[in-house]
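Chemist: The structure follows.
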Amino acid sequence: MTTEFSIVNGLGVTAPQGDLMASTAGAFREQFVSWFTTAGVRNVVVDLSLVAFLDSAGLGVLIALLKRVSENGGDLALAGLQKKARMVLEITRTHRIFEIYETVEEATRNVK
Amino acid sequence: MKALIDLSASLRWAAPLAPVPWPLLPVGDRPWLEYALEACAGLKITEVRLLLDEGAFEIESWCGNGERWGLAIDYGFLRQETTLTAWLRRNPARWNDGLFVLRGPVFLRKTGACAMELPAAGSAWQAVDDDAGTLALLSRDHDALQRWMADDKLPPDSWAMPCCAPVALTSLRDYFALNMELVDGAIERYLTPGYYAKDGAYLGYNVQVPPATELHAPLIVGNDCRFAPLCNIGPRVAIGNNVLVDTGSQLRNCVVLNGTYIGRQLELDGRIINGARLIDPEDGTVLDIADPWLLAAVHHDQNPGRWLRHGLAIAVAALMVMVQVVPWLVLYAALRLSGQGCYRRRQVYRRTAGTASGWQFEAHPPSGLLPRLFRAFSFDRFPALLAVITGQLRLCGQERLWVPEDNLLRDELPLYSPGVFSQADTSPADVLAPATARRAAALYTIHHDSLAENVRLFWRALVFRFVDAWALDDRR
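Keeping their order, the protein sequence lines are chains X and Y. Take the position in the first sequence, starting the count at 1, then add 1; the result is the number in this note's numbering. Take the position in the second sequence, starting the count at 1, then add 5; the result is the number in this note's numbering.
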């Protein structure tokens, strides 16, 4: 799994690519933590437009990231969810704990 | 009067509901075919012919001789190039007493609690849906039947049976809606008096519901189901047999097919769940969840022959691993050092659902001495043998399908049970088989799955791979 990190108007944007599963979630988490500790951003948008599927391990990582960002006083939002990833979030009820936006642009406008 | 039920259609929309053949798909927790057979019994028909294709073995096993409906069922096959009328014309006199025909997934929807009726002598009722390829025909009129058989043309729809109208199922949405209609109460019209549950909750045998779990009518629950505590089930849920729902999960407006495990704290609303497969009936989105913490298929295999086969396969794989491990290490090290071959990690379709990482051996060039040795003794399949021991692969099964080049073939297969050795190993390695041949080989494996067939395939594959490895450079 490859992950892109960027900062847009002081907002961190991370875009993982590929399936967020048990085999890839750990690497994504490590990359994110290492970037987040040095990037100096408070709020983060996770762009999931290139993630076709995520399983319970992937969900666990997203929740861990949310916890990490919240502990620093920031917010974490999800954007660009594909239908299948959204279905997983819905059945696990995790769509209720994340702010979810259709696009990264919409997320960057709303996450302050 | 006789009945003919044509089950030979191949329904693309029903593919995500595999491995159940479409005639046995549950509708209100009973197979669709049971409604059709009960309609025959209701019309006082005793002789029924089923025309089969895919899933013939399962359908025949389930129906038997039809004794339990008071019917005499026999079976036939309809070749793809043969039309139904051409098939009927082979013995036109047989249908002189009248004929009831159902072609494709037609559900005889009852709109009231009245008995099935026959048309008056000399008249015919028919309902045709050309787009869906379905037909319901009921006639005692010999001339009308002969005309239809002769020119394959029916007059416009004229179905006039009171309280009963044929409905074609053409999509997952139709299938889901019909299930919900039955759960909402329409099921009462199809049940034998005495099975009617006044509160709209139909529970099968051996259903375990702990006190902390709530069931909300209307709902239908099949046999041998278990609910863990704190579940909230219903309203509008049709659950099949052998379904396990783990702690704290909520189900509403769902159809759950047989043999499904639903993990903890899940919330399912407006979905069809088939093992590890989650389906949105509105737009047909199919999500294979390769995560047994969320959804999984429950294997309820009581066939001792199959267990014996799996046990033998694991034993043979373990023996091969023990014999091969040292030479494999030596040869693979030599291959890597000489740069003539290596394993490449790729995405491969899993047996249950979704994809996983798999190792595929690549030789450069394949005709070198070391790669040929590696292939001749099937050392290239060594990692796959380990997967047999862990239960992820079979020793003999279908060809493994890789992502993305085999996506289309995977979609076409109603069942996928990959093995280390397959029919593909009995044809030359450098000759790319056409897609139709690969599909045929995969389907052949499904329909000829037996111990004798597996033993035959295993030895043929080992011998052919040995011979083919030395022939590789001769052909190039």
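All C-beta atoms in this analysis are idealised placements derived from N, C-alpha and C, irrespective of residue type, glycine included.
Taking the DSSP output, what are the residues bridged to Y/R351?
Modeler: Along the second sequence, one-based indexing puts residue 351 of chain Y at 346. Answer is Y/G363, bridged to Y/R351.
Chemist: Looking at the secondary structure, which residues open and close the alpha helix (DSSP H) in which Y/D148 lies?
Modeler: Counting from one through the second sequence, the residue named residue 148 of chain Y turns up at place 143. Here the alpha helix (DSSP H) through Y/D148 covers H147 to D156.
Chemist: Whose CA, out of Y/A217, Y/I267 and Y/P26, lies closest to the CA of Y/P110?
Modeler: Taking the first residue of the second sequence as position 1, residue 110 of chain Y is located at position 105. Considering only alpha carbons, the answer is Y/P26.
Chemist: Consult DSSP for Y/T395 and reduce its assignment to one of helix, strand or coil.
Modeler: As a working mapping, residue 395 of chain Y is identified with position 390 in the second sequence. Under the three-state reduction of DSSP, Y/T395 is assigned to coil, being neither helix nor strand.
Chemist: How many angstroms separate the CA atom of Y/Y354 from the CA atom of Y/W407?
Modeler: Residue 354 of chain Y sits at position 349 when you count from the first residue of the second sequence. Residue 407 of chain Y sits at position 402 when you count from the first residue of the second sequence. Rounded to the nearest angstrom, the two C-alpha atoms are 6 Å apart.
Chemist: Using the C-alpha atoms, what's the distance from Y/P286 back to X/F54?
Modeler: Position 53 of the first sequence, counting from 1, holds the residue named residue 54 of chain X. Position 281 of the second sequence, counting from 1, holds the residue named residue 286 of chain Y. Rounded to the nearest angstrom, the two C-alpha atoms are 19 Å apart.
Chemist: Would DSSP call Y/S422 helix, strand or coil?
Modeler: Counting from 1 along the second sequence, the entry for residue 422 of chain Y is found at position 417. Coil at Y/S422, not helix or strand.
Chemist: Could you please give me the residues that DSSP links to Y/Q131 through a beta bridge?
Modeler: To locate residue 131 of chain Y, count along the second sequence from 1; it is residue 126. In DSSP, Y/Q131 forms a bridge with Y/L142.
Chemist: Give a yes or no on whether the minimum CB-CB distance between Y/E410 and chain X is below 7 Å.
Modeler: Residue numbering aside, residue 410 of chain Y sits at position 405 when the second sequence is read from its first letter. So no, Y/E410 is outside the interface.
Chemist: Using a beta-carbon distance below 7 Å, is Y/W153 in contact with chain X?
Modeler: Mapped onto the second sequence, residue 153 of chain Y falls at position 148. Output row for Y/W153: interface = no.
Chemist: Any beta carbon of chain Y sitting closer than 7 Å to that of X/R94?
Modeler: Residue numbering aside, residue 94 of chain X sits at position 93 when the first sequence is read from its first letter. Cβ-Cβ to chain Y under 7 Å: yes for X/R94.
Chemist: Going by other Cβ atoms of all chains shown within 10 Å of its Cβ, with 16 needed for buried, is Y/F82 buried or exposed?
Modeler: Counting from one through the second sequence, the residue named residue 82 of chain Y turns up at place 77. Y/F82 is exposed by the Cβ-count criterion.
Chemist: Roughly how many whole angstroms lie between the Cα atoms of Y/L117 and Y/P223?
Modeler: Position 112 of the second sequence, counting from 1, holds the residue named residue 117 of chain Y. Position 218 of the second sequence, counting from 1, holds the residue named residue 223 of chain Y. Note that residue 117 of chain Y corresponds to Gly in the displayed sequence, not to Leu. Straight-line Cα distance between these residues: approximately 19 Å.
Chemist: Looking at C-alpha atoms only, which residue of Y/A41, Y/A61 and Y/D11 is the closest neighbour of Y/P1?
Modeler: This structure does not reach residue 1 of chain Y, given that chain Y is present from 6 up to 481, and the question cannot be answered.
Chemist: What separation, rounded to the nearest whole angstrom, lies between the Cα atoms of Y/L143 and X/Q83?
Modeler: Within the second sequence, numbered from 1, the residue matching residue 143 of chain Y stands at position 138. Within the first sequence, numbered from 1, the residue matching residue 83 of chain X stands at position 82. Near 48 Å, if we compare the C-alpha coordinates of X/Q83 and Y/L143.
Chemist: Can you tell me whether DSSP reads Y/P31 as helix, strand or coil?
Modeler: Numbered from 1 along the second sequence, position 26 holds the residue referred to as residue 31 of chain Y. Correct three-state label for Y/P31: strand.
Chemist: How should Y/C230 be labelled, buried or exposed, when 16 other C-beta atoms within 10 angstroms of its C-beta is the threshold for buried?
Modeler: Sequence index remark: in the second sequence, residue 230 of chain Y carries index 225 (1-based). Counting Cβ neighbours within 10 Å, Y/C230 comes out buried, since at least 16 surround it.
Chemist: Let me check understanding here. Comparing Cα to Cα, which of Y/I10, Y/T139, Y/V212 and Y/R145 lies closest to Y/A126?
Modeler: The count along the second sequence starts at 1 and reaches residue 126 of chain Y at position 121. Ranking Y/I10, Y/T139, Y/V212 and Y/R145 by Cα distance to Y/A126 puts Y/R145 first.
Chemist: Using DSSP with H/G/I as helix, E/B as strand and the rest coil, what is Y/Y210?
Modeler: Counting from 1 along the second sequence, the entry for residue 210 of chain Y is found at position 205. Y/Y210 falls in the coil class under three-state DSSP.
Chemist: Using the Cβ count rule (16 or more neighbours within 10 Å means buried), how would you classify X/K68?
Modeler: Stepping through the first sequence from its first residue, residue 68 of chain X is reached at position 67. Flag for X/K68 reads exposed.
Chemist: At a cut of 8 Å, does the stretch 418-433 of chain Y reach the stretch 455-470 of chain Y through at least three beta carbon pairs?
Modeler: yes
Chemist: Against chain X, does Y/L456 count as a neighbour if the rule is that its beta carbon must be under 7 Å from one of theirs?
Modeler: Counted from its first residue, the second sequence places residue 456 of chain Y at position 451. So, not an interface residue.
Chemist: Assuming contact is defined by CB atoms lying nearer than 7 Å, are X/T4 and X/F37 in contact in what I supplied?
Modeler: Working through the first sequence from its first residue, we reach residue 4 of chain X at position 3. Working through the first sequence from its first residue, we reach residue 37 of chain X at position 36. X/F37 sits away from X/T4, with the two beta carbons spaced by 7 Å or more.
Chemist: Roughly how many whole angstroms lie between the Cα atoms of Y/P388 and Y/L299?
Modeler: Sequence index remark: in the second sequence, residue 388 of chain Y carries index 383 (1-based). Sequence index remark: in the second sequence, residue 299 of chain Y carries index 294 (1-based). Roughly 28 Å between the two C-alpha positions.
Chemist: Where do the ends of the beta strand (DSSP E) carrying Y/N279 lie?
Modeler: Numbered from 1 along the second sequence, position 274 holds the residue referred to as residue 279 of chain Y. I277 to N279 is the extent of the beta strand (DSSP E) around Y/N279.
Chemist: Taking Y/N101 as the reference, which of Y/C68, Y/A77, Y/L22 and Y/H147 has the closest Cα?
Modeler: Indexing the second sequence from 1 puts residue 101 of chain Y at position 96. Looking at the Cα atoms, Y/H147 is the closest of the given residues.
Chemist: Using a Cβ-Cβ cut-off of 7 Å, state whether Y/T395 counts as contacting chain X.
Modeler: Sequence index remark: in the second sequence, residue 395 of chain Y carries index 390 (1-based). Chain X, which has no Cβ nearer than 7 Å to the Cβ of Y/T395, makes this no.
Chemist: Strictly below 8 Å CB to CB, what residues from chain Y border X/K85?
Modeler: Residue 85 of chain X sits at position 84 when you count from the first residue of the first sequence. The answer, in chain order, is T290 and L292.
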